[in-house]
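Undergrad:
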Amino acid sequence: MKTAILNLIKTVLLIAVFTTVYSCRDNEETASASKTLKIDMVSASVDESGQPLNPLVNTNIGYANNTYVIRGSGFTGLQHIYFNDYESYFNPNFVTDNTIFVTINENTHT
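With mature numbering (1 follows the signal peptide of the UniProt record, and there is no 0) as the guide, the letters of the sequence shown map in order to residues -23 to -1, 1 to 87.
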């Protein structure tokens, strides 16, 4: 009886150790390292008069202090965005794997 209880305790402890070690893996590193960044479309969120664009139209010009929508894939885990060597702000809550909203830094040269 004592042997059965000791074996049960050993088994439970062994499972607990393996579960703890497995749960400490860094999933973000493996997920983001395997994905490549791909940009399909960049569009302004508003037009020249400040009215929202619907539907979004692709653009190749960006102006400082304006917000843009970038569509593509591989954005999960994105930490920095640069326009002409100036880091621009983005809210990480508005980042999905295929869409990101970013405001171009006011010091960015066009």
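All C-beta atoms in this analysis are idealised placements derived from N, C-alpha and C, irrespective of residue type, glycine included. None of the values given here were measured: they were computed from a predicted structure.
Can you tell me which residues form a DSSP beta bridge with Y63?
TA: F60
Undergrad: Compare the beta carbon distance of Y59 and S50 with 8 Å and say whether it is the shorter of the two.
TA: no
Undergrad: Name, in chain order, the residues that DSSP records as bridge partners for A21.
TA: Y45
Undergrad: Give me the residue from N43, K12 and T(-4) with the minimum Cα distance to V19.
TA: N43
Undergrad: Which same chain residues end up closer than 7 Å to V34 when comparing Cβ atoms and leaving out the 5 residues on each side of it in sequence?
TA: S20
Undergrad: Using the rule of at least 16 other Cβ atoms within 10 Å of the residue's Cβ for burial, across every protein chain shown, is F71 buried or exposed?
TA: Exposed, by the Cβ-count rule.
Undergrad: Starting from the C-beta of V46, find all residues in its chain whose C-beta is less than 7 Å away, skip the five residues before and the five after it, and write them out in chain order.
TA: When the five nearest sequence neighbours on each side are left out, the beta carbons in the same chain lying within less than 7 Å of the beta carbon of V46 are those of S20, S22, L33, T76 and F78, in order along the chain.
Undergrad: May I ask you to report which of helix, strand or coil DSSP gives K(-22)?
TA: helix
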